[in-house]
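In what follows, a single structure is set out as structure tokens and then discussed.
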Amino acid sequence: MTAKILITGANGFSGRHACEHFAQLGMEVIKVMRLKKDSSDHVLCCDLTDCAQVEKLIEEVQPDYVLHLAGRNSVSESWKEPVAYIESNVMSTFYLLHALRNLPHCRTVIVGSVMHFEMKDDPEPQNPYSLSKTLQVVAAQCWWHLFGLKVMMARPTNLIGPGNSNGICGLLAKKVVEIEIENDSTPFRLSSLIEQRDYLDVRDAVRAYETILLHGKIGTVYSLGSGRNHSLGDIANAYQSMIDRDLPLDVGQIQHYIPPQPVDIRSITELGWKPLIPLQQSLLDAFHYFKTRHGSSQ
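Using my numbering, the letters of the sequence shown correspond one by one to residues 822 to 1119.
Structure, rendered in structure tokens:
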């Protein structure tokens, strides 16, 4: 019998890659979106912040696997709508896990974020988005502990690659295309050139989700990344090399900057996964994605 996987946030940056990947594996992919933007027969609309709708969805689909990618992911927007971020990222996860109590065989991956913070007596979240993603993973861990669900958690770093991403690399790729095609000279704002981050290709992340779904240890949190940091200056230089014109930047300054440690990916590599796509290729693929779609609705 063909395995059935339900993917929430199917129309998002990661969701589109995930749907394609698992379909290529021969699974029956059920795409879940808030609003139907796909003509496929395997698309279901569901407001994941509505408990009754989520219960109906799970009862109807009866999935073997669930990949929960849906949610909001803008740090700046989270400052303006903090409650909406708790509803979208935390309550949707609670409702999904609650509905899955009736499917004890189903293996589920809840996708959080590397922008988590350690829960302690004096919590110090960086922003409402960080709070929501931290609580999302805590919810999944607690539901596993309380009800024995086959749930695992993934915390990916900054995802890059082809697709309509609102991350810094995607936004910069759009800008570079506008410079090349429209000769746009408006400076692109960067917080600094020295700030370092770990970047992972979205296609490598999807392979990691597959690995966790099939082989992950129940109740475990898996951090996903390349294991290497790159500065924003590295990213800007890589994009600069793709065009003949100068890349106009408005660069801020950071005082007393302490680089973060690279993401510790030992737990996921122990399952046999490793990142395959180099940074330069991810950035080039993002550039070509926006270039081929320039002027369209994408």
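Quick reminder that beta carbons are idealized off the backbone N, C-alpha and C, glycines included.
Neighbour-count burial assignment, residue i, 16 or more Cβ in a 10 Å radius
{"i": "Cys990", "result": "buried"}
{"i": "Ala873", "result": "exposed"}
{"i": "Gly1093", "result": "exposed"}
{"i": "Gly969", "result": "exposed"}
{"i": "Arg1024", "result": "buried"}
{"i": "Arg976", "result": "buried"}
{"i": "Val904", "result": "exposed"}
{"i": "Asp1022", "result": "buried"}
{"i": "Gly833", "result": "buried"}
{"i": "Leu1100", "result": "buried"}
{"i": "Cys867", "result": "buried"}
{"i": "Tyr906", "result": "buried"}
{"i": "Asn894", "result": "buried"}
{"i": "Met822", "result": "exposed"}
{"i": "Thr1113", "result": "exposed"}
{"i": "Tyr1078", "result": "exposed"}
{"i": "Arg1028", "result": "buried"}
Residue i versus residue j - alpha carbon distance
{"i": "Val997", "j": "Ile1064", "result": "8 Å"}
{"i": "Thr1090", "j": "Tyr1020", "result": "16 Å"}
{"i": "Glu1031", "j": "Ile828", "result": "12 Å"}
{"i": "Ala961", "j": "His889", "result": "11 Å"}
{"i": "Arg837", "j": "Ala831", "result": "6 Å"}
{"i": "Ser1062", "j": "Leu1014", "result": "16 Å"}
{"i": "Gly1073", "j": "Ile981", "result": "23 Å"}
{"i": "Arg1010", "j": "Leu1034", "result": "38 Å"}
{"i": "Leu917", "j": "His842", "result": "23 Å"}
{"i": "Leu967", "j": "Val850", "result": "29 Å"}
{"i": "Cys963", "j": "Phe1108", "result": "41 Å"}
{"i": "Ser1006", "j": "Thr870", "result": "42 Å"}
{"i": "Leu856", "j": "Ile1056", "result": "34 Å"}
{"i": "Arg928", "j": "Asp1071", "result": "46 Å"}
{"i": "Val796", "j": "Val882", "result": "The first residue shown for the chain is 822 and the last is 1119, placing residue 796 beyond what the model contains."}
{"i": "Pro1080", "j": "Glu908", "result": "32 Å"}
{"i": "Gly984", "j": "His1115", "result": "13 Å"}
{"i": "Ile1098", "j": "Ser986", "result": "17 Å"}
{"i": "Pro1069", "j": "Ser1103", "result": "22 Å"}
{"i": "Met854", "j": "Asn923", "result": "22 Å"}
{"i": "Met936", "j": "Asp1085", "result": "14 Å"}
{"i": "Lys852", "j": "Gln1076", "result": "45 Å"}
{"i": "Ala839", "j": "Pro1096", "result": "16 Å"}
{"i": "Leu952", "j": "Val959", "result": "11 Å"}
Residues near residue i in its chain [Cβ-Cβ closer than 8 Å; skip 5 each side]
{"i": "Ile957", "result": "In the sequence as presented, Ile is not what sits at residue 957; that position holds Gln. Answer for Gln957: Gly892, Asn910, Val911, Thr914, Ile931, Gly933, listed in chain order."}
{"i": "Asn1004", "result": "Arg1066"}
{"i": "Leu846", "result": "Glu1031"}
Beta-carbon proximity list for residue i, same chain, < 7 Å, skipping 5 on both sides
{"i": "Trp965", "result": "Val972, Ile1039, Gly1040"}
{"i": "Trp900", "result": "Asn948, Pro949"}
{"i": "Ala1026", "result": "Ser835, Pro977, Leu980, Leu1045"}
Proximal residues to residue i (C-beta, below 6 Å), its chain only, five neighbours per side dropped
{"i": "Pro1083", "result": "Asp1019, Gly1048, Arg1049, Asn1050"}
{"i": "Ser1118", "result": "Low confidence applies to Ser1118: its pLDDT is 48, below 50, so where it sits in the model is not reliable enough to give any reading."}
{"i": "Lys825", "result": "Glu849, Pro884, Asp885"}
{"i": "Asp1106", "result": "Gly982, Pro983"}
Test: residue i CB closer than 7 Å to a CB of chain C
{"i": "Gln962", "result": "Any reference to chain C falls outside this structure, which holds one protein chain only."}
Rounded Cβ spacing between residue i and residue j (contact assumed at less than 8 Å)
{"i": "Ser1052", "j": "Glu1016", "result": "7 Å"}
{"i": "Thr978", "j": "Gly1046", "result": "4 Å"}
{"i": "Val1042", "j": "Met974", "result": "4 Å"}
Residue i CB to nearest heavy atom of the ligand HEM below 6 Å
{"i": "Gln1076", "result": "Within the structure as shown, the ligand HEM is missing, as the structure has no ligands at all."}
Practice task
Examine the Cβ distances between the stretch 910-919 and the stretch 994-1010 and report whether three or more of them are shorter than 8 Å.
Solution key: no
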